[in-house]
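Residues in the sequence shown are numbered consecutively from 32, following my numbering.
Note that beta-carbon positions come from the ideal geometry of N, C-alpha and C, so glycine has one too.
Predicted model only: the values in this text are computed from it and were never measured.
One structure is given below, encoded as structure tokens.
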Amino acid sequence: MRHLTRTLRWLLDAEDAVARATGDTVRILANSDTAALGKLVSKQPITSAYVQSILDTGRRAGPIGGFARGIFLGIFDPAQPGQLLAACWAGANIVPITNDPEHGAYFGQALVALDEHFGSIFGPQPAVTGVWESLQHGPQSAREIRNDQPFMTITEHSSVLDNPNIRTATEADYDLVLPASVSMFTEELGYSPLADGSNGYRLRVRQLIAKGHTMIETEQQSVRFKADFGIVTSEAIQIQGVWIRPDARGQGRAAPAMASVVNRALKLVPVVSLYVNDYNTAAIRTYERVGFATVDHFATVLF
Numbered sequence: 032m033r034h035l036t037r038t039l040r041w042l043l044d045a046e047d048a049v050a051r052a053t054g055d056t057v058r059i060l061a062n063s064d065t066a067a068l069g070k071l072v073s074k075q076p077i078t079s080a081y082v083q084s085i086l087d088t089g090r091r092a093g094p095i096g097g098f099a100r101g102i103f104l105g106i107f108d109p110a111q112p113g114q115l116l117a118a119c120w121a122g123a124n125i126v127p128i129t130n131d132p133e134h135g136a137y138f139g140q141a142l143v144a145l146d147e148h149f150g151s152i153f154g155p156q157p158a159v160t161g162v163w164e165s166l167q168h169g170p171q172s173a174r175e176i177r178n179d180q181p182f183m184t185i186t187e188h189s190s191v192l193d194n195p196n197i198r199t200a201t202e203a204d205y206d207l208v209l210p211a212s213v214s215m216f217t218e219e220l221g222y223s224p225l226a227d228g229s230n231g232y233r234l235r236v237r238q239l240i241a242k243g244h245t246m247i248e249t250e251q252q253s254v255r256f257k258a259d260f261g262i263v264t265s266e267a268i269q270i271q272g273v274w275i276r277p278d279a280r281g282q283g284r285a286a287p288a289m290a291s292v293v294n295r296a297l298k299l300v301p302v303v304s305l306y307v308n309d310y311n312t313a314a315i316r317t318y319e320r321v322g323f324a325t326v327d328h329f330a331t332v333l334f
């Protein structure tokens, strides 16, 4: 009972803080908003795949306990009650579901009022820019801002001759996959995901393998290439964690390997996506060669 009371008190205080900070423009979504949230996400099923994957677990729109397990924020159409114009997932990461920078700015104001800490903001470029415009006045400083990340998709099997040695990793490959995954993460974000001593990252690697969502090529008891089906919904797979062992780079291996990954993914869903930093021109050229085309732009703020 004490826990329930504490949770209810947090929610009431949070709802009041959000309403005050945004002039009642933003509110914390409730379970009764689940259908409206699902409808909004379904309008952009590819770019909103991360949030769709949360809903696919059976998660409803309302909070579960306090902030620790994440909340959804929403902006409704004042002329059409119940119609959700924009939403935002706020948990360890902030993920706006809108392309409107003004909506993003309102979400940023709400997040400042909640006074929580986050690992990143990512999503459609205009919305992320709007969120950060407000959130930069909160307690956290950005470690890095990646302003332009081409969001690319492919819907047909690649014309590039694929690499027949690419295969789905199994549990027996875990000890090979983990070092490759850690190397990829460290190269991408600048620190080891194992640095905090927790088992969260190890569990994530195991879960991807268990689901059949990690593709690898091995050589001499080492992973030479790796890519993950990082997000999987009925509409799309988003490829993440692409990595080639340093000594195998610059040898033309990337495109055939990615073609194998794409062709496997397209057996499961109609669209395969990924997003990449704009300065990674070599990767962009590889993805374009495989058949990806830029259809949108994301941005990421790292804390």
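Assign residue i to one of three DSSP states: helix, strand, or coil.
i: Asp338; result: Given that the chain is displayed from residue 32 to residue 334, the structure contains no residue 338 and the question cannot be resolved.
i: Thr36; result: helix
i: Gly161; result: helix
i: Thr249; result: strand
i: Ile106; result: strand
i: Leu299; result: coil
i: Leu166; result: helix
i: Asp47; result: helix
i: Ala200; result: coil
i: Gly272; result: strand
i: Leu192; result: coil
i: Thr184; result: strand
i: Ala67; result: helix
i: Ala173; result: coil
i: Ala92; result: coil
i: Ala99; result: coil
i: Ala290; result: helix
i: Ala226; result: coil
Would you tell me roughly how many angstroms separate the C-alpha atoms of residue i and residue j, rounded to the nearest one?
i: Leu239; j: Met215; result: 15 Å
i: Asp87; j: Val213; result: 27 Å
i: Asn311; j: Arg320; result: 14 Å
i: Met32; j: Arg100; result: Its pLDDT being 49, under 50, Met32 is placed unreliably in this model, and the coordinates cannot settle the point.
i: Leu166; j: Ala203; result: 44 Å
i: Val143; j: Phe149; result: 11 Å
i: Val300; j: Ala288; result: 19 Å
i: Leu333; j: Leu225; result: 18 Å
i: Val82; j: Val72; result: 7 Å
i: Ala241; j: Lys74; result: 30 Å
i: Val303; j: Ala296; result: 7 Å
i: Leu43; j: Asn130; result: 29 Å
i: Ser229; j: Val273; result: 23 Å
i: Ala141; j: Thr317; result: 40 Å
i: Ser336; j: Gln111; result: Residue 336 cannot be examined here, being either before or after the span of the chain that is shown, 32 to 334.
i: Asp206; j: Arg91; result: 36 Å
From this set, the options, which residue's C-alpha is nearest residue i's C-alpha?
i: Pro157; options: Leu333, Phe329 and Ala52; result: Phe329
i: Ala118; options: Leu42, Glu202, Ser165 and Thr65; result: Thr65
i: Val293; options: Asp108, Asn194 and Gly97; result: Asn194
i: Thr38; options: Ala80, Leu333 and Ile102; result: Ile102
i: Leu209; options: Phe182, Ala285, Ile247 and Ile270; result: Ile247
i: Glu175; options: Tyr222, Arg284, Met183 and Asn130; result: Tyr222
i: Lys257; options: Leu220, Gln282 and Ala200; result: Ala200
i: Ile106; options: Leu116, Pro112, Arg276 and Thr53; result: Leu116
i: Pro94; options: Lys70, Gly122 and Ala110; result: Gly122
i: Leu145; options: Thr36, Tyr232 and His168; result: His168
i: Leu104; options: Ala136, Ala80 and Thr264; result: Ala136
Identify the continuous beta strand (DSSP E) that holds residue i and give its terminal residues.
i: Asn124; result: Asn124 to Ile128
i: Ser84; result: Careful: Ser84 lies outside any beta strand (DSSP E), inside the alpha helix (DSSP H) at Ala80 to Leu86.
i: Ser278; result: Reading off the sequence, residue 278 comes out as Asp, not Ser. From DSSP, Asp278 is part of no beta strand (DSSP E); its letter is neither H nor E.
i: Lys257; result: Val254 to Val263
i: Ala121; result: Leu115 to Ala121
i: Gly154; result: Ser151 to Pro155
i: Ile59; result: Val57 to Ile59
i: Leu333; result: Ala324 to Leu333
What first and last residue would you give for the alpha helix (DSSP H) that runs through residue i?
i: Arg237; result: Gly231 to Ala241
i: Val213; result: Tyr205 to Leu220
i: Tyr318; result: Thr312 to Val321
i: Glu133; result: Pro132 to Leu145
Assuming the contact rule is C-beta atoms closer than 8 Å, residue i and residue j should be a hit. Round their C-beta distance to whole Å, please.
i: Pro76; j: Ala324; result: Between Ala324 and Pro76 the Cβ distance is about 17 Å, and since that is not below 8 Å, they are no contact.
i: Arg40; j: Val49; result: Their Cβ separation, rounded to whole angstroms, is 15 Å, which puts Arg40 and Val49 out of contact at 8 Å.
i: Asn308; j: Gln180; result: 6 Å
i: Thr331; j: Phe182; result: Going by Cβ atoms, the distance from Thr331 to Phe182 rounds to 11 Å, so no, they are not a contact pair.
i: Phe260; j: Ile270; result: 7 Å
i: Gly161; j: Gly139; result: 7 Å
Check whether the Cβ of residue i sits closer than 6 Å to any heavy atom of the ligand SAM, and report yes or no.
i: Val303; result: With respect to the ligand SAM, the structure shown offers nothing to examine, as it has no ligands at all.
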